[in-house]
Structure formats: structure tokens, C-alpha cells
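Everything in the sequence shown is counted per UniProt numbering, starting at 1 for the first residue and increasing by one.
One structure is given here, and the rest of the page talks about it.
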Amino acid sequence: LQTGEERKRIAIYGAGDAGQQIAAVLYRSGNHLPVFFIDDNTSLQDPMVGGLKVLSLEKALQRFEKYKPDEILLALPSVGRVR
Numbered sequence: 001l002q003t004g005e006e007r008k009r010i011a012i013y014g015a016g017d018a019g020q021q022i023a024a025v026l027y028r029s030g031n032h033l034p035v036f037f038i039d040d041n042t043s044l045q046d047p048m049v050g051g052l053k054v055l056s057l058e059k060a061l062q063r064f065e066k067y068k069p070d071e072i073l074l075a076l077p078s079v080g081r082v083r
């Protein structure tokens with residue numbers, strides 16, 4: 001595996017099931033390092049999910065300098081699901 005400095009740092013927008021699945025795949029890839037989740041759902045904010053902090057969009061923007069993500073991935077649930 002590469003060190004954290006060599007891996008592409010990723011923020012994931014969406015801390016639900018889809019986001020957690022993406023984070024797990026990225027961890028295993030060896031090329032990417034998930035650094036935090038962004039989620040508007042206040043029940044998911046502040047705790048850790050899958051070992052990553054869950055931040056509101058506002059808090060995430062304030063902490064970009066600290067975490068320095070290279071990319072933000074959008075975790076979208078299945079489009080075909082009925083709501």
C-alpha cells in the first residue's frame with residue numbers, strides 16, 4: 001500500500017449506505033484515501049461512520065485546509081428506488 005501522502009485524498013458527499021460502500025472500496029484500492037464524509041443529515045453529523053468524520057457542508061468547507069481533499073465524490077443511492 002502507498003502512504004497517506006501518496007494516495008489521492010477523497011471527501012465523500014453522502015454518509016449513507018452508498019457512501020460507506022464507496023469508502024470501503026477506496027480503502028481497499030490502495031490508491032485512494034477517504035478523509036471524511038459530508039452529509040446534510042444532522043443525525044449523521046459529528047460521529048464517526050466507518051472510521052471517518054461526518055461533517056456538514058459548512059464544517060467541511062471550513063476544514064478543507066486541514067484535510068486537503070483532492071476530489072469530492074458524490075455518493076448517490078440507487079436511482080431506481082421508489083421513495
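All residues carry an ideal CB built from backbone N, CA and C; glycine is no exception.
Owing to the predicted nature of the structure, the values given are computational and were not obtained by experimental measurement.
Taking a C-beta distance under 8 angstroms as the contact criterion, Phe37 and Ala18 do not qualify as a contact pair.
Boundaries around Arg9 are those of the beta strand (DSSP E), 8-13, since no alpha helix (DSSP H) includes it. For a cut-off of 8 angstroms, the C-beta gap from Leu33 to Arg9 is around 5 angstroms, short enough to register as a contact.
A Cβ-Cβ contact shorter than 8 angstroms links Gln20 with Gly50.
The closest CA to that of Leu55, considering only Arg7, Ala11, Glu6, is found on Ala11.
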